[in-house]
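What follows is one structure encoded as structure tokens, with my remarks underneath.
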Amino acid sequence: MVFDENESWYLQDNIKSYANTHPDTNDENFMESNKMHSINGRLYGTLLGLDMQEGDKTDWYLLGLGNEVDMHTVHFHAHTFTYKEAHTHRADVFDLFPGTFQTVSLTAKHAGTWLLHCHVSDHIHAGMETTYTIHPRKTTLAPGTAAEGSRTGVVAGVVVGVLVLVLLCGAVILAVYCCVHQRTAEPPPALDLSELQSLQAASTDRPLPTHTQ
Numbered sequence: 001m002v003f004d005e006n007e008s009w010y011l012q013d014n015i016k017s018y019a020n021t022h023p024d025t026n027d028e029n030f031m032e033s034n035k036m037h038s039i040n041g042r043l044y045g046t047l048l049g050l051d052m053q054e055g056d057k058t059d060w061y062l063l064g065l066g067n068e069v070d071m072h073t074v075h076f077h078a079h080t081f082t083y084k085e086a087h088t089h090r091a092d093v094f095d096l097f098p099g100t101f102q103t104v105s106l107t108a109k110h111a112g113t114w115l116l117h118c119h120v121s122d123h124i125h126a127g128m129e130t131t132y133t134i135h136p137r138k139t140t141l142a143p144g145t146a147a148e149g150s151r152t153g154v155v156a157g158v159v160v161g162v163l164v165l166v167l168l169c170g171a172v173i174l175a176v177y178c179c180v181h182q183r184t185a186e187p188p189p190a191l192d193l194s195e196l197q198s199l200q201a202a203s204t205d206r207p208l209p210t211h212t213q
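If you count the sequence shown from 1, position 143 lands on 143 in full-length UniProt numbering, and the numbers rise without skipping.
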């Protein structure tokens, strides 16, 4: 929108406060210098905050305000956008007239800082321009991708290898323990035949036959 400061109630106060001369307020050049060609009230790239990342899907609300001089062609450098009227259209410029508006959808594809301006020649020269910035998106491994799958496979292989090693070590330790225990165990006492005969005789109340060779 073009703000005409010649119509401001504070024009004379501003002249008294900031001008060292007494300009002719009807001079054509003076009047033109007080017309502020702005985007959201900002001139010459001072509109901040138009930041996004690669891949972001954004909606832009284009509004045309003012009077008959406010006929603007909004131009996005480096990108195209889509908008719907009777059908969906793709473009990089959109014409705005006073009292009109349009929502356009833009997908951020190219990292960098790009110009956004009105394509009317004297409007851009008078300050109706700014920039928007697309930041590179940091690379991350999404679940299910080939790289993520290979990483998961490596981790699983390491875990299985450690478990197998633990089992093998346990088996070796158990075998060594059994061998040592078998060697150090005391042999059972020798069988006393006379004691066995006396015990058996006591239980049957009859003598056992004695075998001689």
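Where a beta carbon is used, it is the ideal one built from N, C-alpha and C, also for glycine.
Length of the line joining the Cα atoms of R42 and M1: For the purposes of this step, residue 42 is taken as the residue at position 42 of the sequence shown. For the purposes of this step, residue 1 is taken as the residue at position 1 of the sequence shown. Their Cα atoms are separated by approximately 10 angstroms.
Tell me which same chain residues have a C-beta within less than 8 angstroms of the C-beta of T58, skipping the five on either side of it? Residue numbering aside, residue 58 sits at position 58 when the sequence shown is read from its first letter. Answer for T58: M52, S105, L106, T107 and A108, listed in chain order.
Below 8 angstroms, how does it come out for the region 16–28 and the region 110–117: are there three or more Cβ pairs, yes or no? Too few Cβ pairs lie closer than 8 angstroms, so no.
Considering only the beta carbon of each residue, do F94 and L65 sit closer than 8 angstroms? Taking the first residue of the sequence shown as position 1, residue 94 is located at position 94. Taking the first residue of the sequence shown as position 1, residue 65 is located at position 65. It is not a contact, given that the beta carbons lie outside the stated cut-off.
Count the other CB atoms, across all protein chains shown, that sit within 10 Å of the CB of C169; report buried if there are 16 or more and exposed otherwise. In the sequence shown, counting from the first residue as 1, residue 169 sits at position 169. It counts as exposed.
Below 8 angstroms on the Cβ atoms is my guess for H37 versus H123; work out the distance and round it to an integer in Å. On the sequence shown, position 37 is the one that residue 37 refers to. On the sequence shown, position 123 is the one that residue 123 refers to. Right, the Cβ-Cβ distance comes to about 5 angstroms (below 8 angstroms), so this counts as a contact.
Using only the alpha-carbon positions, how far apart do E148 and G157 sit? Residue 148 sits at position 148 when you count from the first residue of the sequence shown. Residue 157 sits at position 157 when you count from the first residue of the sequence shown. Bear in mind that the predicted position of E148 carries a pLDDT of just 48, short of 50, making it too unreliable to give a figure here.
Less than 8 angstroms between the beta carbons of A91 and K35, yes or no? Counting from one through the sequence shown, the residue named residue 91 turns up at place 91. Counting from one through the sequence shown, the residue named residue 35 turns up at place 35. No. Outside cutoff.
Name the DSSP beta bridge partners of F94, please? Here residue 94 is taken as the residue at index 94 of the sequence shown, counted from 1. Note: F94 sits in a beta bridge opposite V74.
Using DSSP with H/G/I as helix, E/B as strand and the rest coil, what is G170? Residue numbering aside, residue 170 sits at position 170 when the sequence shown is read from its first letter. Per DSSP, reduced to three states, the secondary structure at G170 is helical.
Suppose you measure from the CA of A146 to the CA of Y132; what does that come to, to the nearest Å? Within the sequence shown, numbered from 1, the residue matching residue 146 stands at position 146. Within the sequence shown, numbered from 1, the residue matching residue 132 stands at position 132. Only weak support exists for where A146 lies, its pLDDT of 45 falling under 50; the value from the coordinates is given anyway. Put simply, the backbone Cα of A146 is about 34 angstroms away from that of Y132.
Return the CA-CA distance between Y83 and W60, expressed in angstroms with no decimal places. Along the sequence shown, one-based indexing puts residue 83 at 83. Along the sequence shown, one-based indexing puts residue 60 at 60. Near 10 angstroms, if we compare the C-alpha coordinates of W60 and Y83.
Start-end ranges of the beta strand (DSSP E) lying completely within the UniProt domain "Plastocyanin-like" (32–135), minimum 3 residues: Along the length of the UniProt domain "Plastocyanin-like" (32–135), whole beta strand (DSSP E) runs at least 3 residues long occupy 35–37, 51–53, 57–63, 72–76, 81–84, 88–91, 93–96, 101–107, 112–118 and 129–135, reported in chain order.
Could you tell me which residues DSSP pairs with E4 in its beta bridges? Numbered from 1 along the sequence shown, position 4 holds the residue referred to as residue 4. According to the sequence provided, residue 4 is Asp. The question's Glu does not apply to it. In DSSP, D4 forms a bridge with K35.
How is K138 classed by DSSP in three states: helix, strand or coil? The sequence position of residue 138 within the sequence shown is 138, counting from 1. Reduced to three states, the DSSP call for K138 is coil.
Take the Cβ of H89 as the centre, count every other Cβ of all protein chains shown within 10 Å, and call the residue buried at 16 or more, exposed below. On the sequence shown, residue 89 is found 89 positions in, with the first residue counted as 1. Here H89 is exposed, its C-beta having fewer than 16 other C-beta atoms within 10 Å.
Own chain residues within Cβ distance below 7 angstroms of L47, not counting five before or after: Here the question's residue 47 lines up with position 47 in the sequence shown. The answer, listed in chain order, is I39, N40 and T130.
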